[in-house]
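Throughout, our numbering is defined as the position within the sequence shown, counted from one, plus 36.
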Amino acid sequence: MDLFFWCRLAYLILGGILLFIACGEMITDFKWGRKLNIPLIALLVVAFLTHTTGVLLRWYISGHAPWANAYESMVCTSWMLVGCGLLFARRFPILPALAGLLGGIMLFVAGLNHLNPEITPLVPVLQSYWLMSHVAVIMIGYVFFALCALTGLFNLILMSLLTTANQLRLRFRIRELTLLNEMAMILGLFFMTAGTFLGAIWANVSWGRYWGWDPKETWALISIVVYALVLHLRFVPLLKGKTDWCFNLLSVVSILSVLMTWFGVNYYLSGLHSYGKTEGSGEGLWIWGIGLCVVLALAILARKRFRQDS
């Protein structure tokens, strides 16, 4: 049936169209935007239900929660992401567009050759009810951090488009999305911290110790500290007047710590969590480097426009 392929296609197309409409509504008076949104959101819901069917079928066939390896975690995280975007679509119309696009990209990455979609028996340490709780809570944290990165990137784009004519409209949207970004980060930090504590309990059950500075554990702690620091930026006196710009930029850059925790540890380090090792050798590292350079260039332009129109 190849359900995830069709979901990927639908997410990318519908997310792109919804993002175009959302940008049109924010920058100009695009009167037909809301009328077009209704059928597009309905189609996105159909794609999400198809995605849900695929996840449930995989759960039934495998006999365990379908997030035991890299492929399954990508599929389920994209499912949670799109579901979260649809859940808050009424309050924040931009969310389904951003979530749909990123959900489609994640399914595309999951479909690449270096991720094995085969359903295999669980290794003994994963044959535990903690797989259901610990991994699920951590993945919810990843979803909210992904929303932070998307919202922050979109805000940087809006800042770079500021002009004298549209600054009143765009500044309101930027502030609104910054508040959404902050709320998502608080939730992501909560779930990430809770999931790490649950992982410590599971580690004690499996290995006889709560914390052992395993690479996965260490990078989970680093991610928690990174996002806690970003959340407290508004209390730094030196950043007065730059808080919104700096917060949105760092919400994008901080996702690198999550990516390192999620995949990078499996590529470049070894430890007790290597049973979830991703196949391949991380040739795409240069892609992340280019992406970071593009984000920094966009941030410089955004800061210049944001300061000029203040």
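Note that CB positions come from ideal geometry on N, CA and C, so glycine has one too.
{"Asked": "Touch check for the stretch 196–207 and the stretch 225–239: three-plus C-beta pairs under 8 Å?", "Found": "no"}
{"Asked": "With 16 other CB atoms within 10 Å as the buried threshold, where does S317 fall?", "Found": "Bear in mind that the predicted position of S317 carries a pLDDT of just 48, short of 50, making it unreliable; the figure below should be weighed with that in mind. That one is exposed."}
{"Asked": "Within a Cβ cutoff of 8 Å, which residues of the same chain sit near M110, ignoring the five residues on either side of it in sequence?", "Found": "M142, L143, V145, A146 and L151"}
{"Asked": "Tell me whether the beta-carbon of T132 lies closer than 8 Å to the beta-carbon of L72.", "Found": "According to the sequence shown, residue 132 is Pro rather than Thr. It is not a contact, given that the beta carbons lie outside the stated cut-off."}
{"Asked": "Hey, how far is the Cα of H268 from the Cα of I97?", "Found": "45 Å"}
{"Asked": "Can you name, in chain order, every residue of its own chain whose Cβ lies under 8 Å from the Cβ of W298, other than the five neighbours on each side?", "Found": "S109 and Y178"}
{"Asked": "In the DSSP assignment, find the unbroken alpha helix (DSSP H) run with M195 in it and report its ends.", "Found": "A172 to S196"}
{"Asked": "If we call anything under 8 Å between Cβ atoms a contact, is A47 one with G139?", "Found": "The sequence as given places Tyr at residue 47; Ala does not occur at that position. It is a contact, given that the beta carbons lie within the stated cut-off."}
{"Asked": "Enumerate in chain order the residues of its own chain whose CB-to-CB distance from H170 is below 7 Å, with the five nearest sequence positions on each side excluded.", "Found": "G231, L234, G235 and W238"}
{"Asked": "Return the residue from the list I63, R94 and T214 that minimises the CA-CA distance to M37.", "Found": "R94"}
{"Asked": "Pop quiz: L128 and L216 are said to be a contact at Cβ under 8 Å. What is the actual Cβ separation, rounded to whole angstroms?", "Found": "The residue asked about is misnamed: residue 128 is Phe in this sequence, not Leu. The pair is a contact, with the Cβ atoms about 6 Å apart (cut-off 8 Å)."}
{"Asked": "I need the straight-line Cα distance from V294 to A256, nearest angstrom please.", "Found": "8 Å"}
{"Asked": "In three-state DSSP terms, what is I326?", "Found": "helix"}
{"Asked": "Do L275 and A335 have their beta-carbon atoms positioned less than 8 Å apart in this structure?", "Found": "no"}
{"Asked": "Is it buried or exposed, Y304, if we count other Cβ atoms within 10 angstroms and call 16 or more buried?", "Found": "exposed"}
{"Asked": "Where A125 and W249 are concerned, what is the direct C-alpha to C-alpha distance, given to the nearest angstrom?", "Found": "40 Å"}
{"Asked": "May I have the straight-line CA-CA distance separating V81 from M221, to the nearest angstrom?", "Found": "25 Å"}
{"Asked": "Flag this pair as yes or no: are the beta carbons of H100 and L192 separated by less than 8 Å?", "Found": "no"}
{"Asked": "For M37, which of helix, strand or coil comes out of DSSP?", "Found": "coil"}
{"Asked": "Does the Cβ-Cβ distance between V289 and V331 come in under 8 Å?", "Found": "yes"}
{"Asked": "If I follow the unbroken alpha helix (DSSP H) through Y304, where does it start and stop?", "Found": "V301 to Y304"}
{"Asked": "Could you tell me which whole alpha helix (DSSP H) segments of length 4 or greater appear in the stretch 128–157?", "Found": "130–146"}
{"Asked": "Can you tell me whether G188 is buried or exposed? The criterion is at least 16 other CB atoms within 10 Å of its CB, across all chains shown.", "Found": "buried"}
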